[in-house]
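This is how it looks when you write it as structure tokens:
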């Protein structure tokens, strides 16, 4: 699908002849809003062949009036080219004159309305990585807010565009930003789920380490009588604040590449495999998300602006 842009031209000559031209230009919007276009304006006479009438440019190069007196709404006028050729048909040969107007779109409006808000929304979603994982309401509300904001920005960016069936450059940028924001929300959901399973797992491990009830022997208390004062040796209490190891990811495919507990350091696990601390997932995300988004921006802007 292509979009059409219309322009009208009115000329009044010395002999009071009016010439009005209404032209259309087919725009390919794959690179929108960093797109450039060449709009041709064709003059020809299909009633008189070349044997009867010949069109020639009075001057080979065409000049445009001072651009300070006129200005396009969304485009910058970058150049003008004129050509002449002969069109051969079954009815004869006809002279064809073409004027091509080179245009490039101004993207200042779209940078303010779409690109900068999307970038700031993605950066805002990273704030949750610095919030404690126990603050579930704060991190959840922040993630949902950024996702809804990206949805609104995506709708606004498509509001004034033709309904084209292909993906534009702006659609790609907004979609990737939405993926980053949604991934930040899913990161906390994953962290909360895996860390939340640590306590039941550790509780079961502790129960398994306890000896059977029949085999338990009550420790004997030794009393020491000093100056008619009874003394008992201090009891050894179990450390309840011990930080249990993170649970392993379930599934054969996950276990082939990731490890989440201390036992994975032994055996064949050391050979070419990665050990992931689930409790440190926020620390990993603080580095991974900004780095990945920065690399995407570098590739995106170089590809659309210079290639």
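In our numbering, the protein residues as written are 224 to 530.
Note that beta-carbon positions come from the ideal geometry of N, C-alpha and C, so glycine has one too.
Distance between beta carbons of residue j and residue i, contact taken as under 8 angstroms
i: residue 264; j: residue 287; result: No, residue 264 and residue 287 are not in contact; Cβ-Cβ is about 13 angstroms, not under 8 angstroms.
i: residue 333; j: residue 393; result: 7 angstroms
i: residue 352; j: residue 509; result: 5 angstroms
i: residue 397; j: residue 252; result: Not quite, the Cβ-Cβ distance comes to about 14 angstroms (not below 8 angstroms), so this is no contact.
Where the alpha helix (DSSP H) containing residue i begins and where it ends
i: residue 520; result: 504-528
i: residue 264; result: It is not in any alpha helix (DSSP H) - residue 264 instead sits in the beta strand (DSSP E) that spans 259-267.
i: residue 348; result: 339-348
Proximity below 9 angstroms, CB of residue i to CB of residue j
i: residue 337; j: residue 369; result: no
i: residue 414; j: residue 325; result: no
i: residue 372; j: residue 411; result: no
i: residue 328; j: residue 257; result: yes
i: residue 267; j: residue 310; result: yes
i: residue 320; j: residue 293; result: no
i: residue 361; j: residue 512; result: no
i: residue 391; j: residue 305; result: no
i: residue 307; j: residue 278; result: yes
i: residue 395; j: residue 529; result: no
Where the beta strand (DSSP E) containing residue i begins and where it ends
i: residue 366; result: That residue, residue 366, is in no beta strand (DSSP E); its alpha helix (DSSP H) goes 359-380.
i: residue 320; result: 315-328
i: residue 391; result: That residue, residue 391, is in no beta strand (DSSP E); it is neither H nor E in DSSP.
i: residue 308; result: 298-312
Cut-off 7 angstroms between Cβ atoms - residues of its own chain near residue i, not counting five sequence neighbours on either side
i: residue 519; result: 399
i: residue 269; result: 317
i: residue 474; result: Confidence at residue 474 is low in this model, with a pLDDT of 47, below 50, so the placement of that residue should be treated as unreliable; the coordinate-derived value is given next. Answer for residue 474: no residue qualifies.
i: residue 491; result: Annotation note: pLDDT 46 at residue 491 (below 50); position unreliable, coordinate value reported separately. Counting only Cβ-Cβ distances below 7 angstroms, and skipping sequence neighbours, we find nothing.
Same chain, Cβ closer than 6 angstroms to residue i, five either side skipped, listed in chain order
i: residue 354; result: 361, 362
i: residue 322; result: 264, 305
i: residue 459; result: Note that residue 459 scores a pLDDT of 47, beneath 50, so its modelled location is shaky; the value from the coordinates is reported in the next line. Excluding sequence neighbours, residue 459 sits near nothing in its chain.
Contacts around residue i, its chain only, beta-carbon distance under 8 angstroms, and the 5 residues preceding and following it disregarded
i: residue 374; result: 401
i: residue 273; result: 309, 315, 316, 317, 318
Cβ-heavy atom distance, residue i to the ligand SAM, below 8 angstroms
i: residue 310; result: Of ligands this structure carries none, so the ligand SAM is not represented either.
(message) For the segment 316-331 against the segment 345-356, do three or more pairs of beta-carbon atoms, one drawn from each stretch, fall closer than 8 angstroms, so that the two count as touching?
(response) A contact is defined here as three or more CB-CB pairs under 8 angstroms, and the segment 316-331 fails this definition with respect to the segment 345-356.
(message) Can you confirm whether the segment 395-413 touches the segment 253-270 when touching is taken to mean that 3 or more C-beta pairs between the two stretches lie within less than 8 angstroms?
(response) By the criterion of at least three beta-carbon pairs nearer than 8 angstroms, the segment 253-270 is not in contact with the segment 395-413.
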